[in-house]
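Right, one structure below, let's go through it.
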Amino acid sequence: MAHVVGQEPLIRMVNIVKEFPGVIANDHVNFELSPGEIHALLGENGAGKTTLMNILYGLYQPNEGEIYIKGRKVKIKNPRDALWLGIGMVHQHFLLVERHTVAENLALGYTRRQVNPLNEIRDKIREFSIKYHLKIDPDSYIWQLSAGEQQKAEIIKALYSGAEILILDEPTSVLTPQESSELFSIIKKMRDEGKGIVFITHKLAEVFAVADKVTVMRKGKVIGTLPMKEASKEKLASMMVGREVVFVIKKKPFKPGKPVLEVRNLVVLGDRGREAVKSVSFTVREGEILGIAGVAGNGQKELIHAIVGLRRIKSGRVRIMSTDATNKSPREIADLGVGHIPEERLKFGIVPDMSVAENSILKSYYKPPYRKGFLIDYSKVRELAEDLIKEYNIAVPTPGTLAKLLSGGNMQKLIVGRELKRRPKLIIASNPTFGLDVGATEYIRKMLLQERDEGAAILLVSSDLDEVMQLSDRVAVMFNGEIVGIVEPEEVTIKEMSLMMSGIRLEEAVK
Ligand SMILES: Nc1ncnc2c1ncn2[C@@H]1O[C@H](COP(=O)(O)OP(=O)(O)O)[C@@H](O)[C@H]1O
Ligand SMILES: [Mg+2]
Numbered sequence: 132m133a134h135v136v137g138q139e140p141l142i143r144m145v146n147i148v149k150e151f152p153g154v155i156a157n158d159h160v161n162f163e164l165s166p167g168e169i170h171a172l173l174g175e176n177g178a179g180k181t182t183l184m185n186i187l188y189g190l191y192q193p194n195e196g197e198i199y200i201k202g203r204k205v206k207i208k209n210p211r212d213a214l215w216l217g218i219g220m221v222h223q224h225f226l227l228v229e230r231h232t233v234a235e236n237l238a239l240g241y242t243r244r245q246v247n248p249l250n251e252i253r254d255k256i257r258e259f260s261i262k263y264h265l266k267i268d269p270d271s272y273i274w275q276l277s278a279g280e281q282q283k284a285e286i287i288k289a290l291y292s293g294a295e296i297l298i299l300d301e302p303t304s305v306l307t308p309q310e311s312s313e314l315f316s317i318i319k320k321m322r323d324e325g326k327g328i329v330f331i332t333h334k335l336a337e338v339f340a341v342a343d344k345v346t347v348m349r350k351g352k353v354i355g356t357l358p359m360k361e362a363s364k365e366k367l368a369s370m371m372v373g374r375e376v377v378f379v380i381k382k383k384p385f386k387p388g389k390p391v392l393e394v395r396n397l398v399v400l401g402d403r404g405r406e407a408v409k410s411v412s413f414t415v416r417e418g419e420i421l422g423i424a425g426v427a428g429n430g431q432k433e434l435i436h437a438i439v440g441l442r443r444i445k446s447g448r449v450r451i452m453s454t455d456a457t458n459k460s461p462r463e464i465a466d467l468g469v470g471h472i473p474e475e476r477l478k479f480g481i482v483p484d485m486s487v488a489e490n491s492i493l494k495s496y497y498k499p500p501y502r503k504g505f506l507i508d509y510s511k512v513r514e515l516a517e518d519l520i521k522e523y524n525i526a527v528p529t530p531g532t533l534a535k536l537l538s539g540g541n542m543q544k545l546i547v548g549r550e551l552k553r554r555p556k557l558i559i560a561s562n563p564t565f566g567l568d569v570g571a572t573e574y575i576r577k578m579l580l581q582e583r584d585e586g587a588a589i590l591l592v593s594s595d596l597d598e599v600m601q602l603s604d605r606v607a608v609m610f611n612g613e614i615v616g617i618v619e620p621e622e623v624t625i626k627e628m629s630l631m632m633s634g635i636r637l638e639e640a641v642k
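The sequence shown begins at 132 in my numbering and counts up by one.
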């Protein structure tokens, strides 16, 4: 391990082992962070990245291993210890108190200082705002802030506590591309001042955009650490996945047919009674994938729920294959030939406490051949489940296994398999590959394209911009409940997409 004499690494984690029931989340992991370094921690979902950093932040105790901060061996029993050692962490899910202001949240937090008069905190926030271009008003309430602003508030909170080491866990998942690049300049500035930054991600492009060094984890182990000049996209991807990865999906030419889904002037209320979907209109035709891009939380969920019957439509109409489907029940809509691949797998996708076999007939148990008189024909159900398991390569011991015991990827394969097996004319897929590994992701994308080629109409909502751009024939961008534009993926740049995702209409975006 070559570092300049006299310049101790900020962090040295040695042979860290962390076991959870049934899984070794960290298996003898070594990790080092130097001052003035942005170190990407790259790996697929479940690789053990968050666990490793939660250990450093004192949220978990390792079963084995040692931690050194600036050469001194330490025990980090809780986040308070971590902050005393100069370690700050911004979690994937923010931990700010919504009904307080930014300044009040800082006053509430752990800090190395004794007293925190609000005025002093306000000044400090302004100072950080200027120094790092972290534009934020100390007196705005957390609930008033966008996800990007809340993240800035979290970063300011860490800086305020005196952090020299900043851990960011998948920080771009709630940001537009524009906000992401702002974040990158902020952390580069911190790096240039000698702070150390751990940047957790599963996105290769981000590693190339910010990191000086990258450590790749897979299944709890460190596969390797490389300086960026030795890294290539192909190399990192194969380290991450354990095999070669195909980056470009081949798509057959686009031959749209008759309209299948027609949405007109749809208005849907959100949980807080405000309009979450504001007069949205679009059409999806046979053989077409219409993508809906946008940062999560801009009305996509309410739109999908309204179409599939899980949420009431306030005004406007939905027609599915020329039948009025406005405010019909989920079962009536499913029976029109609609397959739904929901984002909330455990809530709307499967029944966790039922078996894989029972889950495979959730949408058809009341129909032949599964129903005989008043009874369900379990041999037929088992047959179907066995087919699905084979066809979709679902890792499960038997069809009788409870669905909740499946991994995320296998759960999703079961849902996708069940929905596609019914040969739907319309498929509604909401973040279908969210949280899945590269293998399962590739597979599910291929299945969707295959259905499109066979004439299904697909409405694909995804907050993964690459996914929407790769799969869709047309892309609608949603912002604040409205569709700000519908474009063809080949005719827009990522920059234009990014502007649209922050609410700027395309005519203005291309000016
Ligand atoms: N609190 C926990 N209890 C049980 N298992 C956990 C817990 N946290 C993480 N795991 C498991 O540890 C493994 C690594 O998870 P995690 O560190 O979150 O991965 P990553 O951040 O790379 O996606 C996964 O198999 C996950 O299910
Ligand atoms: Mg994680």
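All residues carry an ideal CB built from backbone N, CA and C; glycine is no exception. Nothing here was measured: the structure is a model prediction, and the numbers come from that model.
Mind checking residue i: buried by the 16 CB within 10 Å criterion, or exposed?
i: E365; result: exposed
i: D402; result: exposed
i: L227; result: buried
i: Q281; result: buried
i: P210; result: buried
i: G388; result: exposed
i: P269; result: buried
i: D584; result: exposed
i: E621; result: exposed
i: E582; result: buried
i: L290; result: buried
i: A560; result: buried
i: G351; result: buried
i: N146; result: exposed
Cα separation between residue i and residue j?
i: V615; j: L400; result: 19 angstroms
i: T288; j: V347; result: It should be noted that the sequence gives Lys, not Thr, for residue 288. Those two C-alpha atoms are separated by around 28 angstroms.
i: M628; j: S594; result: 12 angstroms
i: G177; j: R349; result: 8 angstroms
i: R576; j: R257; result: 46 angstroms
i: G532; j: N611; result: Rather than Gly, the amino acid found at residue 532 in this sequence is Thr. So the alpha carbons of these two residues sit roughly 42 angstroms apart.
i: A465; j: T624; result: 36 angstroms
i: F565; j: E522; result: 21 angstroms
i: E285; j: N490; result: 41 angstroms
i: V512; j: I492; result: 7 angstroms
i: G174; j: A336; result: 13 angstroms
i: I142; j: Y199; result: 6 angstroms
i: A342; j: T356; result: 12 angstroms
i: L467; j: L441; result: 15 angstroms
i: M485; j: S312; result: 44 angstroms
i: V353; j: V469; result: 43 angstroms
i: H134; j: K204; result: At H134, the pLDDT of 46 sits below 50, so the modelled position is not reliable; the number obtained from the coordinates is stated separately. Each residue's Cα considered, the two are about 18 angstroms apart.
i: A588; j: K409; result: 23 angstroms
i: I635; j: G179; result: 38 angstroms
i: F385; j: G570; result: 26 angstroms
Candidates the options: which alpha carbon is nearest residue i's?
i: E550; options: L537, G480 and K266; result: G480
i: V394; options: L164, A437 and E417; result: A437
i: R230; options: G440, A488 and L239; result: L239
i: N194; options: E168, V154, A171 and M632; result: V154
i: G196; options: N157, I558, D254 and S311; result: N157
i: I318; options: E310, I328 and P461; result: I328
i: L397; options: T457, D254 and E417; result: T457
i: G293; options: A534, L216 and E621; result: L216
i: S453; options: L477, V415, D484 and S277; result: V415
i: E644; options: H170, L567 and R450; result: There is simply no residue 644 to check, as the chain begins at 132 and stops at 642 in what is shown.
i: V592; options: H264, Y574, M578 and I558; result: I558
i: L297; options: P528, H333, E168 and V372; result: E168
i: K478; options: K535, V449, G422 and V487; result: K535
i: V426; options: E163, T182, H224 and M631; result: M631
i: I207; options: Y263, E301 and Q192; result: Q192
Quick one: what does DSSP say residue i is sitting in, helix, strand or coil?
i: G447; result: strand
i: G153; result: coil
i: T346; result: strand
i: Y643; result: Residue numbering for the chain in the displayed model covers 132 to 642; residue 643 lies beyond these limits and cannot be assessed.
i: P473; result: coil
i: G540; result: helix
i: S304; result: helix
i: N562; result: coil
i: Y291; result: helix
i: G480; result: helix
i: M485; result: coil
i: M220; result: strand
i: A437; result: helix
i: Y263; result: helix
Against chain D, does residue i count as a neighbour if the rule is that its beta carbon must be under 9 angstroms from one of theirs?
i: A213; result: Any reference to chain D falls outside this structure, which holds one protein chain only.
Checklist line | Beta carbon shell of ligand 1 at less than 6 angstroms from a heavy atom | finding: F151, V154, A156, G174, N176, G177, A178, G179, K180, T181 and T182
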